[in-house]
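Have a look at the structure below, then the notes.
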Amino acid sequence: LGTYGLAEFQIEGDGNCQFRALADQIFRNPNYHKHVRKAIMKQLKEFRKQYESYVPMEYKVYLKRMKRSGEWGDHLTLQAAADRFGAKICLLTSFKDTCLIEIVPRDLTPTKDLLIRKTKKKHWLF
49 LGTYGLAEFQ IEGDGNCQFR ALADQIFRNP NYHKHVRKAI MKQLKEFRKQ
99 YESYVPMEYK VYLKRMKRSG EWGDHLTLQA AADRFGAKIC LLTSFKDTCL
149 IEIVPRDLTP TKDLLIRKTK KKHWLF
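So for the sequence shown, this note's numbering puts the first residue at 49; every next one is plus one.
Next up, the structure:
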């Protein structure tokens with residue numbers, strides 16, 4: 049990481065870690081995680097048709113669960129974040145074959161890059 053001028057910042061593991069990591073990357077403050085979750089929920093509600101086929105349960109149930117503070121984010125919340133914030137999200141993982149996953153907005157050219165890391169079910173950012 050040091051080679052690239054990056055430093056790891058550990059995020060509180062309270063179930064809001066994905067949203068905290070995104071808040072830190074977008075607003076430079078992980079405490080804005082509630083704002084980020086709210087914006088992502090708005091995206092998921094307003095553009096239901098883009099997302100609901102990726103949810104393995106009734107969409108209303110998914111939204112109700114995901115709205116709760118402490119509910120872990122998933123691949124769909126990352127896509128909704130990319131779409132809502134116009135950002136390319138670079139997700140570093142501990143998987144050998146797919147150590148970098150890029151999530152890009154569906155209908156926009158990204159205006160910012162966000163870098164987060166997920167290992168052993170914990171999220172960090174750089």
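Cβ coordinates follow ideal geometry from the N, Cα and C atoms, glycine included.
Buried versus exposed call for residue i [16 or more other C-beta atoms within 10 Å across all chains shown]
i: A69; result: buried
i: G61; result: exposed
Contact set for residue i: own chain, Cβ-Cβ below 7 Å, skip 5 residues either direction
i: R76; result: none
i: G118; result: D62, G63, N64
Among the options, the one whose alpha carbon lies nearest that of residue i
i: Q66; options: R96, W120, L148; result: W120
Proximal residues to residue i (C-beta, below 6 Å), its chain only, five neighbours per side dropped
i: L162; result: Q73, A135, I137
i: K115; result: M89
Cβ of residue i within 9 Å of any chain C Cβ
i: Q58; result: No chain C appears in the structure shown, which is made up of a single protein chain.
Neighbourhood of residue i by C-beta distance below 8 Å, restricted to the same chain and skipping five residues each side
i: R132; result: A87, I88, K90, Q91
(message) Under 8 Å: do the region 101 to 115 and the region 67 to 81 share three or more Cβ pairs, one atom per stretch?
(response) no
(message) Does the structure place the region 120 to 133 close enough to the region 146 to 165 that three or more beta carbon pairs sit under 8 Å?
(response) yes
(message) Please give the ranges of any beta strand (DSSP E) in the region 76 to 123, keeping only runs that are unbroken, at least 3 residues long and fully inside the region.
(response) none
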